[in-house]
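Input: a single structure, listed below in structure tokens.
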Amino acid sequence: MNRPHEEISQQISLALDGALSLEEERQLRAHLQECPACATLWEEMRGVSGLFERPPLLAPPPLLAARVMRRIERRERWRAWMRRLAVSLLVLILLAMVLAIPLMGLSTLAVNHPALSQAVFRALVRAAEIAQALWLGLGILARAFLGRGEWLILAVWLVLAVAAGVGWMRLLRRARRIVAR
Amino acid sequence: MGGDQELVWVVKAQQGDQEAFARLVEAYQVPVYNLAYRMLGVATEAEDATQETFLRVYTRLKTYDPSRKFSSWILSIASHYCVDRLRRRRGAVSMEEVESWRWMADEGLAPEDKALQRERDRSIREVLATLPEPYRLVIILRYWHNLSYEEIAEITDSTESAVKSRLHRARQAVLEGLNHALEGQHPLEERKEEASLAQRGRALLQASLRRPRREPL
Ligand SMILES: [Zn+2]
Numbered sequence: 001m002n003r004p005h006e007e008i009s010q011q012i013s014l015a016l017d018g019a020l021s022l023e024e025e026r027q028l029r030a031h032l033q034e035c036p037a038c039a040t041l042w043e044e045m046r047g048v049s050g051l052f053e054r055p056p057l058l059a060p061p062p063l064l065a066a067r068v069m070r071r072i073e074r075r076e077r078w079r080a081w082m083r084r085l086a087v088s089l090l091v092l093i094l095l096a097m098v099l100a101i102p103l104m105g106l107s108t109l110a111v112n113h114p115a116l117s118q119a120v121f122r123a124l125v126r127a128a129e130i131a132q133a134l135w136l137g138l139g140i141l142a143r144a145f146l147g148r149g150e151w152l153i154l155a156v157w158l159v160l161a162v163a164a165g166v167g168w169m170r171l172l173r174r175a176r177r178i179v180a181r
Numbered sequence: 001m002g003g004d005q006e007l008v009w010v011v012k013a014q015q016g017d018q019e020a021f022a023r024l025v026e027a028y029q030v031p032v033y034n035l036a037y038r039m040l041g042v043a044t045e046a047e048d049a050t051q052e053t054f055l056r057v058y059t060r061l062k063t064y065d066p067s068r069k070f071s072s073w074i075l076s077i078a079s080h081y082c083v084d085r086l087r088r089r090r091g092a093v094s095m096e097e098v099e100s101w102r103w104m105a106d107e108g109l110a111p112e113d114k115a116l117q118r119e120r121d122r123s124i125r126e127v128l129a130t131l132p133e134p135y136r137l138v139i140i141l142r143y144w145h146n147l148s149y150e151e152i153a154e155i156t157d158s159t160e161s162a163v164k165s166r167l168h169r170a171r172q173a174v175l176e177g178l179n180h181a182l183e184g185q186h187p188l189e190e191r192k193e194e195a196s197l198a199q200r201g202r203a204l205l206q207a208s209l210r211r212p213r214r215e216p217l
């Protein structure tokens, strides 16, 4: 009967959760009958437990579930749009590749005519500038419309750009090999 | 809710069926919302937290392991979200009164007890606000969600024995808090117009001893 106070206290908690075996419960009850300090603690702990028993439940706002579903729908629409964008980007790259092969055949022509190659170079620089402007615009748009998701979207864009670049290089190399053959 | 029916919805939702996911939201909005309300202490924040929780559930649906209990999985996502949110929170939040019509009907409650319920909610909110987060969480899962030690351990990423002692220390902390509040009341001190936590605490300790046990959430 001289168990440390902390142990009895822990047993009381277990009893409140209905986690004691019948034998343990019997022993605890016996102790409470002969120890006023623990009996008081038991009453107080029962009070604490009772404070939370049958707690009041708050009903969620009526439109909560609908709002969740609307956010999910919006998200799905956005993702579908991004998928479509990725696919069209890929198609664009493939198209550019196909166009690049005859252009490479023209390279010998360009070497023989410096003025022509200069004009082509200038056109390429202009195209790169346009691409850069589009890129910046997309970043600003993403930041404006997406709030906290902006960095994720930018990261996705970066990954897509790197992937497109790497794919482009590989295809170019392969194309060069085919041309060289 | 039947476990089989639930699993059907989960599998359909995993395959991208939004209607099935809507069913899951309907089924779990009350437990998630009440967990968030009790963790955060503010109804408006709880609504936002509930939305964020379900968005996370949606995006992680493919990672759900059907051998786990779906309710435990959802509540674990909700708990983690609330704890993160509390960590990010700066400064104190103002307590706001909840309109009485928003309380869910309690079968055993007479209409005139509605005021009592509001009072009780305020006491509970004050008591929970004083508890450290890990204690608050186990109290909520044990009493609001009627979960076993095992389930609480699963949700809080801990062990059954850790849950046992945490729950015990949480109750001790509540008791100490109430006693401390009682002792701190000097007669010379200005009395607040509203009943203090300590005054209501004692009354609640008395009243709660006569209250029957509740049904699971
Ligand atoms: Zn004793």
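Just so you know, the protein sequences line up as chains P and C, in that order. Number 16 in the numbering used here belongs to position 16 of the first sequence; there are no gaps in the numbering. Number 113 in the numbering used here belongs to position 113 of the second sequence; there are no gaps in the numbering. Even glycine gets a Cβ: it sits at the ideal position worked out from N, Cα and C. As the structure is a prediction and not an experimental result, all values here were calculated from the model.
Item	Value
Which residues in chain C sit within 8 angstroms of M82 (chain P), going by Cβ to Cβ distance?	Simply none; closest approach about 14 angstroms.
Would you check if the distance between the CB atom of A49 (chain C) and the CB atom of R85 (chain C) is smaller than 8 angstroms?	yes
Between L7 (chain C) and P66 (chain C), is the Cβ-Cβ spacing less than 8 angstroms?	yes
With a threshold of 8 angstroms between beta carbons, is A129 (chain C) in contact with chain P?	no
Could you check what DSSP says for L20 (chain P) in three-state terms: helix, strand or coil?	coil
With C-beta atoms as the reference, is Q10 (chain P) less than 8 angstroms away from H168 (chain C)?	yes
Under 7 angstroms from any heavy atom of ligand 1, does the C-beta of I8 (chain P) make it?	yes
Measuring alpha carbon to alpha carbon, tell me which residue in C:S71, C:E52 and C:M95 is nearest R75 (chain P).	C:E52
Which one of C:D17, C:Y149 and C:E26 has the shortest CA to CA distance from G18 (chain P)?	C:Y149
Using 8 angstroms as the Cβ pair cut-off and three pairs as the minimum, do the region 76–83 of chain C and the region 159–175 of chain C touch?	no
Look up L58 (chain P) in the DSSP assignment and give the residues it is bridged to.	C:W103
By the three-class DSSP mapping on this structure, what secondary structure does L55 (chain C) have?	helix
With 8 angstroms as the threshold, decide whether the Cβ of Q27 (chain P) is near any Cβ in chain C.	no
For ligand 1, is there a heavy atom less than 7 angstroms away from the beta-carbon of C82 (chain C)?	no
Check whether the Cβ of A192 (chain P) lies closer than 7 angstroms to any heavy atom of ligand 1, and answer yes or no.	Outside the shown range of chain P (1 to 181) lies residue 192 (chain P), about which nothing can therefore be said.
For P60 (chain P), which residues in chain C fall below 8 angstroms Cβ to Cβ?	Q29, V30, Y33, E47 and T50
Mind checking N34 (chain C): buried by the 16 CB within 10 Å criterion, or exposed?	buried
Which whole-angstrom value is the C-beta distance of L16 (chain P) and M45 (chain P), which I expect to be below 8 angstroms?	6 angstroms
Using a beta-carbon distance cut-off of less than 9 angstroms, what residues from the region 8–34 of chain P approach chain C?	S9, Q10, I12, S13, L14, L16, D17 and A19
If I measure Cβ to Cβ from R67 (chain P) and keep anything under 7 angstroms in the same chain, skipping five residues before and after, which residues do I get?	none
Using a Cβ cut-off of 7 angstroms, which residues of the region 90–105 of chain P contact any Cβ in chain C, in chain order?	none
Whose CA, out of C:R60, C:P31, C:E26 and C:G41, lies closest to the CA of Q15 (chain C)?	C:R60
What residues from chain C crowd round A65 (chain P), counting only those whose CB sits closer than 9 angstroms?	A22, V25, E26, Q29 and F54
Could you spell out where the alpha helix (DSSP H) holding L90 (chain P) opens and where it closes?	L64 to G105
Taking 8 angstroms as the cut-off, decide whether the C-beta atoms of S94 (chain C) and E154 (chain C) are in contact.	no
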